[in-house]
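Below: the structure, in structure tokens.
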Amino acid sequence: MSTRKWLIVGALLATAVVASGAMAQDKDQPTPMMGPGMMGHGMMGQMPMMGNMPMGMMGRGMMGPGMMIGHGPMMEGQLTYLKAELGITDAQMEAWNAYVEAVKARAATMQGMHASMMQAMQSGTALQRMEAHTQAMQSMVDSMKAIRPATEALYEVLTDEQKKKADLLLGNGCCMM
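Residue 58 in numbering that gives the first Met the number 0 sits at position 59 of the sequence shown, and the numbers go up by one each step.
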């Protein structure tokens with residue numbers, strides 16, 4: 000790996016460490032994903048069939064399919080990493096910028112959906128929680144459909160070598176990263 004790649008990976012890992020420490024909670028306090036009807040340790044839990052690996056870490060590469068993109072500085076770091084890994088050129092910037100805007104719009108949509116769902120999970124009836132899950136799933140489908148044109152446009156301007164990298168880094172992940 001080149002020095003630049005190691006620096007980017009190190010910066011992302013440092014950001015993750017800082018963010019996880021800042022978000023740590025007392026063991027006796029329920030986390031947002033531990034409400035009624037939830038599996039614990041995140042929505043999908045530590046699934047035994049995945050070798051006790053969190054579901055968000057499935058896939059190839061650091062940001063393979065299933066990897067959720069963060070928000071704020073975390074999202075900016077992930078997008079910077081993706082841009083560097085793909086080797087986006089000046090000629091590809093228009094498609095890249097459209098993709099970035101679509102990713103940010105999707106992240107904002109998902110953040111709003113998450114807040115609504117968590118409220119229902121913590122105080123709703125069984126039927127309200129079921130409806131919240133249904134709405135959340137529909138929001139995810141709708142947002143995947145919304146980001147597809149920008150992803151297709153980006154993919155169209157990539158070279159064959161960049162497409163190979165994109166096939167590893169882009170995909171069907173929760174937040175399209």
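The beta carbon of each residue, even a glycine, is placed where N, CA and C say it ideally should be.
- Remark: C-beta atoms of lysine 163 and leucine 85 do not approach each other more closely than 8 Å.
- Here DSSP, grouped into helix, strand and coil, assigns glycine 123 to coil.
- With the rule of 3 Cβ pairs closer than 8 Å, the region 137–148 counts as touching the region 101–108.
- Short of 8 Å from the beta carbon of methionine 116, and not among the five residues preceding or following it, lie these beta carbons of its own chain, in chain order: Ala131, His132, Gln134, Ala135.
- Looking from the CA of valine 156, the closest CA among Gln77, Glu75, Leu167, Gln91 belongs to Gln91.
- DSSP assignment within the region 66–154 yields the following whole alpha helix (DSSP H) runs of 4 residues or more, N-terminal first: 72–85, 92–122.
- The alpha-carbon separation between leucine 78 and threonine 158 amounts to approximately 19 Å.
- The three-state reading of DSSP puts leucine 167 in helix, counting H, G and I together.
- Between alanine 83 and leucine 153 the beta-carbon gap is near 15 Å, outside 8 Å, which marks them as no contact.
- Nearest Cα to glutamate 100 within the set Glu75, Ser138, Ser122: Glu75.
- In this structure, the CA atom of threonine 150 is about 20 Å from the CA atom of methionine 73.
- Residue environment: alanine 114 is assigned as exposed (fewer than 16 neighbouring CB atoms within 10 Å of its CB, all protein chains considered).
- Our two residues, methionine 112 and serine 138, have alpha carbons roughly 7 Å apart in a direct line.
- Taking the CA atoms as reference points, glutamate 160 sits about 14 Å from leucine 81.
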